[in-house]
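Each residue of the sequence shown is one higher than the one before, counting from 389 in our numbering.
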Amino acid sequence: MSRPAHRRWGLVALVGLGGAVGTTARFAVSHAVPAAGGWPAATFVVNLVGAFLLGVLLEALARRGPESRRAQRLRLTLGTGVLGGFTTFSSLAIEIERLVADGRAPLGAVYGVTSIVLGFACCLTGVVVAARQHRRRAARLPVDPDAADLSEDT
């Protein structure tokens, strides 16, 4: 029996490497996207984009069937590592707290609820996009007449 993923140093290293890439990307976005009227736009953007990409990634991997070693590495590197480092729940929480502490509780509440609702919608949209892409790709594959279901002949 193999060790669980969290105890396999090679996989842990892939998550760490992905996390470094994702965190660096988030840092770049945070310096490129200014706050708009008190709205923490950078965190909002990275969380929505990250939710969409995570939906795409996980649906695409799930559509491939049982998880292979390659799929596990992709999921851990890109999903847990890159997108885990790119998105940030802790910054979301701190920004809500700062808005509330600055007397802008309604904006903090709207920011928090909007982030969660739109984050879920973006993730769901990513799942739908990946599922449609999978169906399109499957429709383009040539049909093998020898692999046809023979149960209709009975």
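Beta carbons: idealized from backbone N, C-alpha and C, even for Gly.
From a predicted model like this one, the values you see are computed outputs, not experimental measurements.
Whole-angstrom C-beta distance between residue j and residue i, which should lie under 8 Å
| i | j | result |
| --- | --- | --- |
| G491 | G406 | The pair is not a contact, with the Cβ atoms about 39 Å apart (cut-off 8 Å). |
| A518 | E447 | 4 Å |
| P428 | Y499 | 7 Å |
CA-to-CA distance, residue j to residue i, given in whole angstroms
| i | j | result |
| --- | --- | --- |
| R457 | L464 | 11 Å |
| A420 | A450 | 34 Å |
| L487 | G426 | 8 Å |
| H522 | G438 | 20 Å |
| P530 | V433 | 40 Å |
| D541 | Q460 | Unreliable placement is indicated for D541, whose pLDDT of 47 sits below 50; the coordinate value is still reported in the next sentence. Spanning the two alpha carbons is a distance of roughly 40 Å. |
| E483 | R528 | 47 Å |
| A408 | L480 | 19 Å |
| S539 | L462 | Per-residue confidence for S539 stands at a pLDDT of 49, beneath the threshold of 50, marking its modelled position as unreliable; the derived number appears in the next sentence. Each residue's alpha carbon lies about 37 Å from the other. |
| H394 | A401 | 10 Å |
| P494 | A509 | 22 Å |
| F477 | S390 | 32 Å |
| E485 | V505 | 18 Å |
| P392 | R520 | 33 Å |
| R524 | V501 | 34 Å |
Nonlocal neighbours in the same chain, by C-beta distance under 7 Å from residue i, ignoring five residues either side
| i | result |
| --- | --- |
| R396 | none |
| L441 | L471 and G514 |
| S503 | F432, N435 and L480 |
| A430 | V417, S418 and V421 |
| G398 | none |
Proximity winner among the options, relative to residue i (alpha-carbon distances)
| i | options | result |
| --- | --- | --- |
| V578 | V501, F432, G453 and L445 | There is simply no residue 578 to check, as the chain begins at 389 and stops at 542 in what is shown. |
| A526 | R452, Y499 and S418 | R452 |
| S418 | T475, V400 and V403 | T475 |
| G467 | V403, G398 and S390 | V403 |
Cβ shell of residue i (< 6 Å), same chain only, five flanking positions each side left out
| i | result |
| --- | --- |
| A424 | none |
| G473 | G407, G410 and T411 |
| R414 | V434 and F474 |
Contact check, residue i vs residue j, beta carbons under 8 Å
| i | j | result |
| --- | --- | --- |
| N435 | G496 | no |
| G410 | C511 | no |
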